[in-house]
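A.B. asks:
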Amino acid sequence: GPAYTGRVLVMDDDRDVRESLVHMLASFGVAVEGVADGRAAVDEYVAAQRRREGYDLVFMDLTVPGGVGGREAVRLLLENDPTARVIVVSGYSHDPVLADCRRFGFRGGLAKPVAMDDLGRLLAEFLAPADA
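Residue numbering for the sequence shown follows the numbering used here, starting at -15 and increasing by one per position.
In structure tokens:
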């Protein structure tokens, strides 16, 4: 399949979902890191920027029970880096944030369970293809 170049950060509080998405992304050839909540995502994103290995794309789960979810985290992320490219991931297909994601600062949306072709389309939109 197609391969892309870049660094991708995945935030989801559900370990199975997170590991599945990390695995799917890795199959496209990108470097992937996974974290469990929005606070960790913002910390890791900023730390990576300081190391000069910033993330090209971030996938954020919308709801994190008892923690910082995607809606709050994207705001914090954009305060640190207005150019941050964040995709919202939600298990609720009728979620208003998913339907109108750009209004909340996201560049795109992805419904769970995540389909490989939907993921591929987003990567094609935001990442550079890997050299053949």
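Note that CB positions come from ideal geometry on N, CA and C, so glycine has one too.
What first and last residue would you give for the beta strand (DSSP E) that runs through residue 17?
C.D. replies: 15 to 19 is the span of the beta strand (DSSP E), which, as asked, contains residue 17.
A.B. asks: Ordered along the chain, which non-local residues of its own chain (more than five positions away) have a Cβ less than 8 Å from that of residue 118?
C.D. replies: In the structure as shown, the chain starts at -15 and stops at 116, and residue 118 therefore has no counterpart that could be examined.
A.B. asks: Mapping DSSP to helix, strand and coil, what is residue 36?
C.D. replies: Three-state result, residue 36: coil.
A.B. asks: Using CA coordinates, which residue listed in 26, 39, 33 and -12 is at the minimum distance from residue 53?
C.D. replies: Per the Cα distances, 26.
A.B. asks: Does the distance from the C-beta atom of residue 22 to that of residue 56 stay below 8 Å?
C.D. replies: Yes.
A.B. asks: Identify which residue in 88, 51, 32 and 101 has its Cα closest to the Cα of residue 59.
C.D. replies: Minimum Cα distance to residue 59 is reached at 88.
A.B. asks: CB residue 8 to CB residue 44, shorter than 8 Å?
C.D. replies: Contact flag unset, no.
A.B. asks: Taking contact to mean 3 or more Cβ pairs, one atom from each stretch, closer than 8 Å, check whether the segment 97 to 115 and the segment -15 to -7 are in contact.
C.D. replies: Touching, yes.
A.B. asks: Assign residue 74 to one of three DSSP states: helix, strand, or coil.
C.D. replies: Note: residue 74 maps to strand in three-state DSSP.
A.B. asks: Just to confirm before moving on: does the CB-CB distance between residue 79 and residue 46 stay below 8 Å?
C.D. replies: For residue 79 and residue 46, yes; Cβs fall inside 8 Å.
A.B. asks: Cα separation between residue 30 and residue -1?
C.D. replies: For residue 30 and residue -1, the distance between alpha carbons rounds to 22 Å.
A.B. asks: Roughly how many angstroms separate the alpha carbons of residue 6 and residue 66, rounded to a whole number?
C.D. replies: Computed Cα separation, rounded: 24 Å.
A.B. asks: Rounded to the nearest angstrom, how far is the Cβ of residue 72 from that of residue 82, given a contact under 8 Å?
C.D. replies: With a Cβ gap of about 6 Å, residue 72 and residue 82 count as contacting.
A.B. asks: With 16 as the cutoff for other CB atoms within 10 Å, does residue 68 come out buried or exposed?
C.D. replies: Buried.
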